[in-house]
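Okay, so here's the structure we're looking at.
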Amino acid sequence: MNQSMQSKLVFRQFFDKDTGTFTYYLFDSKTMEGLIIDPVKEQFERSLQFIEELGIELKYVIDTHVHADHVTSSCMLREATGAKSVFGEPAGVQCADILLKDGEELEFGRFKLEAIATPGHTDACTSFYTEGRLFTGDSLLIRGCGRTDFQQGSPETLFNSITQKLYVFPDETLVYPGHDYQGRTVTSICEEKAHNLRIGSGQTLEGFVQIMNNLALPKPRRIDEAVPLNMACGYSPELGHINEDNFSMHELYQILDRLHKTEKIVDVRTPHEFLQGHVPESLNIPMGTEQGFLSDLQSYERVFLYCHTGRRAQTVHTMLSMQGFDNLVCINSSGMADWMLAGFPVER
Ligand SMILES: [Fe+2]
1 MNQSMQSKLV FRQFFDKDTG TFTYYLFDSK TMEGLIIDPV KEQFERSLQF
51 IEELGIELKY VIDTHVHADH VTSSCMLREA TGAKSVFGEP AGVQCADILL
101 KDGEELEFGR FKLEAIATPG HTDACTSFYT EGRLFTGDSL LIRGCGRTDF
151 QQGSPETLFN SITQKLYVFP DETLVYPGHD YQGRTVTSIC EEKAHNLRIG
201 SGQTLEGFVQ IMNNLALPKP RRIDEAVPLN MACGYSPELG HINEDNFSMH
251 ELYQILDRLH KTEKIVDVRT PHEFLQGHVP ESLNIPMGTE QGFLSDLQSY
301 ERVFLYCHTG RRAQTVHTML SMQGFDNLVC INSSGMADWM LAGFPVER
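Below, the structure written as structure tokens:
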């Protein structure tokens, strides 16, 4: 790439068929610094592959709100890329690296993404604006809007968010929603002002509240699983410990020469990290590839999972636990970093 060239904003839109969710990538073509909005857990490998192929230096993993219909891959992408996880401030998501207030900005390359608090679908819904594009999550959808009957939703609040925070953008501003179930991908402020079925063509607050309070929608299929997981950036603390609590690398060292042949130590770091040095006799199953090793993992009575600091081990543990694995011991508070520091034997 010509380094003297002015950088461009590169934009990509991806779709998750199962949940009708859009995921967006934005990055600076020159610095390659970028961000992702609303990544879906089941699409983690697709995301990582895209990021690696294009050489995007992922700075932020952003969720427009605590989703009820799908689980975010925020913590997995953070662990894999070093990006910071971002939510709107009222979400109260404890594990997020950044909680954005209305009007705050995130920089990537020479571009800025502005947070616009648009509560109503949930109390923490945040839309984002950059360079003529609005990312509205579930606040404003194409010809519709997010429901307001759970997660502190409020039709009055949503009406004000859409009419006072979004409809004030120039007519030609492009609107990219969090979902669409009818194959549409983008709309604009002027189209929605004119044609939105719930909040277009001069709809009044009273008329909107009347519609929203009479939708009688079924409960989202995955809400009971998705909300608690998303409150933890997609990671489930309650699934964290199955066999042993607070098992550490020091404890692993103490049983190292007593391991039974039905027990296996699994290193979930990348092959490159593994080659640099690992726990003797351990097997490398990099995070994200575990689906290819399910029968191996099942064949052991006990599997010890470790990584560099414990985060990836925790993620793999969560994934496998959800698939019914109950033979795992997750080393989630320490990892190879502590093993090296302690001077324990390293195999290369
Ligand atoms: Fe939502």
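Residues 1 to 348 in the working numbering are what the sequence shown lists, from first letter to last.
Backbone N, C-alpha and C define an ideal beta-carbon position, used for all residues, glycine too.
Just so we're clear, the structure is a prediction, and the values are computed from it rather than from any experiment.
Glu105 versus Gly88: straight-line alpha-carbon distance, rounded: Taking the sequence shown and counting its residues from 1, one reaches residue 105 at position 105. Taking the sequence shown and counting its residues from 1, one reaches residue 88 at position 88. Approximately 12 Å, taken between the alpha carbons.
Span of the alpha helix (DSSP H), counted from its first residue to its last, around Arg302: Translated into positions along the sequence shown, residue 302 becomes position 302. Unbroken run through Arg302 is the beta strand (DSSP E), 302-306; no alpha helix (DSSP H).
If contact is defined by three or more beta carbon pairs under 8 Å, each pair taking one atom from either stretch, is the segment 200-212 in contact with the segment 51-60? no
Have a look at Ile223 and Gly288 and give me their C-alpha separation to the nearest angstrom. For the purposes of this step, residue 223 is taken as the residue at position 223 of the sequence shown. For the purposes of this step, residue 288 is taken as the residue at position 288 of the sequence shown. When rounded, the distance between both Cα atoms is 24 Å.
By Cβ distance, which residues of its chain are closer than 7 Å to Arg143, with the 5 residues on each side in sequence left out? Within the sequence shown, numbered from 1, the residue matching residue 143 stands at position 143. These residues qualify, in order along the chain: His195, Asn196, Leu197.
Does ligand 1 have even one heavy atom less than 7 Å from the beta-carbon of Gly120? For the purposes of this step, residue 120 is taken as the residue at position 120 of the sequence shown. No, Cβ of Gly120 sits at least 7 Å from all heavy atoms of ligand 1.
Out of Thr21, Gly120, Thr31, Ser334, which has the shortest C-alpha to C-alpha gap to Ser73? Looking up residue 73 in the sequence shown gives position 73. Ser73 has its Cα closest to that of Thr21, out of Thr21, Gly120, Thr31, Ser334.
Best match in Lys8, Ser282, His308, Pro286 for proximity to Arg302 [C-alpha to C-alpha]: Working through the sequence shown from its first residue, we reach residue 302 at position 302. Taking only the C-alpha atoms, the option nearest Arg302 is Ser282.
When the Cα atoms are used, what is the spatial distance from Gly324 to His317? By one-based count along the sequence shown, residue 324 stands at place 324. By one-based count along the sequence shown, residue 317 stands at place 317. Cα-Cα distance, rounded: 11 Å.
Whose C-alpha, out of Glu347, Arg311, Phe274, is nearest the C-alpha of Ala80? Position 80 of the sequence shown, counted from the start, is the residue given in the question as residue 80. Among Glu347, Arg311, Phe274, the Cα nearest to that of Ala80 belongs to Arg311.
First and last residue of the uninterrupted alpha helix (DSSP H) at Leu158: The sequence position of residue 158 within the sequence shown is 158, counting from 1. Run containing Leu158: 155-161, per the alpha helix (DSSP H) assignment.
Quick one: Cα of Ala342 to Cα of Leu256, how far? Position 342 of the sequence shown, counted from the start, is the residue given in the question as residue 342. Position 256 of the sequence shown, counted from the start, is the residue given in the question as residue 256. Approximately 14 Å between the Cα atoms of the pair.
Helix, strand or coil at Phe15 according to DSSP, with G and I counted as helix: Stepping through the sequence shown from its first residue, residue 15 is reached at position 15. Of the three classes helix, strand and coil, the one that applies to Phe15 here is strand, per DSSP.
Can you say whether Asn2 is buried or exposed, counting buried as having 16 or more other CB atoms within 10 angstroms of its CB? The sequence position of residue 2 within the sequence shown is 2, counting from 1. Here the model assigns Asn2 a pLDDT of 49, short of 50, so the residue's position is not dependable and the matter cannot be decided.
Taking Lys193 as part of the alpha helix (DSSP H), name the residues at either end of that continuous run. Along the sequence shown, read from residue 1 onward, the residue named residue 193 stands at position 193. From DSSP, the alpha helix (DSSP H) with Lys193 extends over 189-195.
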